[in-house]
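Chains as they are written, first to last, in the numbering used here: chain A, 3 to 216; chain B, 3 to 216.
Beta carbons are placed, not taken as given, at the ideal position from N, Cα and C, and that holds for glycine.
In this text, all values refer to a predicted model and were calculated from it rather than measured experimentally.
Inspection log for the structure reproduced underneath, given as structure tokens.
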DNA sequence: CGCTATTAACTGGTATGCAAGATAAGCTGC
DNA sequence: GCAGCTTATCTTGCATACCAGTTAATAGCG
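This is the structure we're talking about:
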């Protein structure tokens, strides 16, 4: 998930088993779980490899995530109590702190946590769990091709705008701020794939990606 | 998934292995996959059981599904060609046919297929795959407690209304018809749980279910 | 008769060995 | 020097054996 291992890198059940001091069985079970999320590709009688990113998963994940998180932020807005506002503000402060420290990995974790908090406030924590599954390949793509300077500051500002609308109780504006926050990336896909085609499963035309009417 | 085995029924890896004439290993791998979707509960050193339905999954699945399918039907409406309209009409005719034959199981399959077709027309087939994962527990609940007479006819009429709006190219009306189609069930949860509490994991209060602001 | 302690028969978790197929290197024949 | 075949060594998939913990029935004791 964190792209420490590039897509296509061979994975050996035996090697991991020896490294961890266990047998192949639990290693194998773990790899099979990863294979279900397409994080690992298993080729029978040949080998297992760090999964390439299925291009078709990227636009679909973006659209699904946006639809779900808009629903979440609307619900959270209508349910949030002043205590929740406090939690959100405190989290924003933490985000700003880490953003200025330039710790990208830790910031990414906080970013997830912020969205999780909204799901929690909405009273729908399982929905965020699903969003996380959906966005795995998106996150891998981002790590692979996308290291925009000053991005963390922008994210914090967009999060702040969302929190403002939650506190104002304005469902529609909260939703549109979330939509703004979760739009983008799409235009980078074709470029990213063209630069490193070996890291992708090109199951759709990267120059003609599906779009939504939402 | 089809509730042939009621929640709580013990499952024996050994028994299945002998029945199928294979060893425990492949059986075990299958059970672990089912356990990830909470279709099986595995209790270490004790036993495995057909999964009880987590009550918290039901309202969240309904809301997620609705958000995603509204996005799908809007997209499908804006992309559908006259050939797609033909496919939809043909499918509706098939549905009407099976509905009159009272074959509930086959109709349920056709119902899924109709929604899958919309996802396909939208150019977002993976989203439907995710919806299917999300709605597993909802479907189990329906099979367990919900056998409303004349329901199939109603479903066909709602599907027809959706198709009409797709053909008319009216995104908003198509979306609201879909929303209507996917609303409900919520009010039956508390009753279903009260009648057969042993079939559920009561991880939230069934009399105070979360709602959305969508 | 009732309660407790013991034990025997399960369970899933793990380790290991073997089989079948894929792969790549090396050898043979030309 | 090169093409083609052979073979050695990988891989994953499956079968099997064993371990540790849970459970429930049973035997023994008060």
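query: Quick one: Cα of residue 88(A) to Cα of residue 56(A), how far?; result: 40 Å
query: Name the residues in the segment 13-28 of chain A whose C-beta lies less than 7 Å from a C-beta of chain B; which are they?; result: none
query: What are the boundary residues of the beta strand (DSSP E) that includes residue 51(B)?; result: 49-52
query: The beta strand (DSSP E) spanning residue 45(B) covers which residue range?; result: 42-45
query: Please report how far the alpha carbon of residue 125(B) lies from the alpha carbon of residue 204(A), in whole angstroms.; result: 16 Å
query: With distance defined between alpha-carbon atoms, name the residue in 72(B), 39(B), 19(B) and 15(B) nearest to residue 179(B).; result: 72(B)
query: Relative to the alpha-carbon of residue 40(A), which residue among 213(A), 10(A) and 86(A) has its alpha-carbon at the smallest distance?; result: 10(A)
query: Check the Cβ-Cβ distances between residue 55(A) and every residue of chain B, and say whether any is below 8 Å.; result: no
query: Is the Cβ-Cβ distance between residue 92(A) and residue 168(A) less than 8 Å?; result: no
query: Along the alpha helix (DSSP H) that carries residue 204(B), what are the first and last residues, could you check?; result: Looking at the DSSP string, residue 204(B) is not in any alpha helix (DSSP H), and its letter there is neither H nor E.
query: Against chain A, which members of the segment 130-148 of chain B pass a CB distance test of less than 7 Å?; result: 132 and 136
query: Can you list, in chain order, the residues of its chain with a C-beta nearer than 7 Å to that of residue 49(B)? Leave out the 5 residues immediately preceding and following it.; result: 12
query: So, is the C-beta of residue 98(B) closer than 8 Å to a C-beta in chain A?; result: no
query: Going by the beta-carbon positions, is the gap between residue 138(A) and residue 70(A) smaller than 8 Å?; result: no
query: When you compare the CB of residue 126(B) with every CB in chain A, is at least one pair closer than 8 Å?; result: yes
query: Would the segment 173-193 of chain A count as touching the segment 147-165 of chain A if we require 3 or more Cβ pairs under 8 Å?; result: yes
query: Considering only residues of the same chain and omitting the five flanking positions on each side of residue 145(A), which have a CB-CB separation below 8 Å?; result: 4 and 5
query: If the cut is a Cβ gap below 7 Å, which residues of chain B does residue 185(A) touch?; result: Going along chain B, no residue has its Cβ under 7 Å from residue 185(A), so there is no contact; the nearest lies around 14 Å.
query: How is residue 84(B) classed by DSSP in three states: helix, strand or coil?; result: helix
query: Going by DSSP, name the residue or residues bridged to residue 28(A).; result: DSSP lists no partner for residue 28(A).
query: Taking 8 Å as the threshold, find out whether the segment 101-120 of chain B comes into contact with the segment 150-158 of chain B through three or more Cβ pairs.; result: yes
query: Would the beta-carbon of residue 24(B) fall within 8 Å of that of residue 67(B)?; result: no
query: Run down chain A in chain order and give the residues with a C-beta less than 7 Å from the C-beta of residue 73(B).; result: 65, 69, 214 and 216
query: Give every residue of the same chain whose Cβ lies closer than 6 Å to the Cβ of residue 44(B), excluding the five residues on either side of it in the sequence, and list them in chain order.; result: 37 and 50
query: Which two residues bound the contiguous alpha helix (DSSP H) that contains residue 118(A)?; result: 106-123
query: Check whether the Cβ atoms of residue 31(B) and residue 34(A) lie closer than 8 Å to each other.; result: yes
query: Mark residue 86(A) as exposed unless 16 or more other C-beta atoms lie within 10 angstroms of its C-beta, in which case mark it buried.; result: buried
query: At a Cβ cut of 8 Å, what residues of the segment 74-85 of chain B count as close to chain A, listed as they run along the chain?; result: 76, 77, 79, 80 and 81
query: When the Cα atoms are used, what is the spatial distance from residue 218(B) to residue 97(B)?; result: Given a span of 3 to 216 for chain B in the structure shown, any question on residue 218(B) remains unanswerable.
query: Any beta carbon from chain A within less than 8 Å of residue 179(B)'s own beta carbon?; result: no
query: Per DSSP, residue 12(B) forms a beta bridge with which residues?; result: 51(B)
query: Any idea what DSSP makes of residue 199(A), helix, strand or coil?; result: helix
query: Select from 208(A), 118(A) and 15(A) the residue whose C-alpha is nearest the C-alpha of residue 135(A).; result: 118(A)
query: With DSSP collapsed to three states, give me the class of residue 212(A).; result: coil
query: Can you tell me the Cα-Cα spacing of residue 188(B) and residue 7(B), whole angstroms?; result: 24 Å
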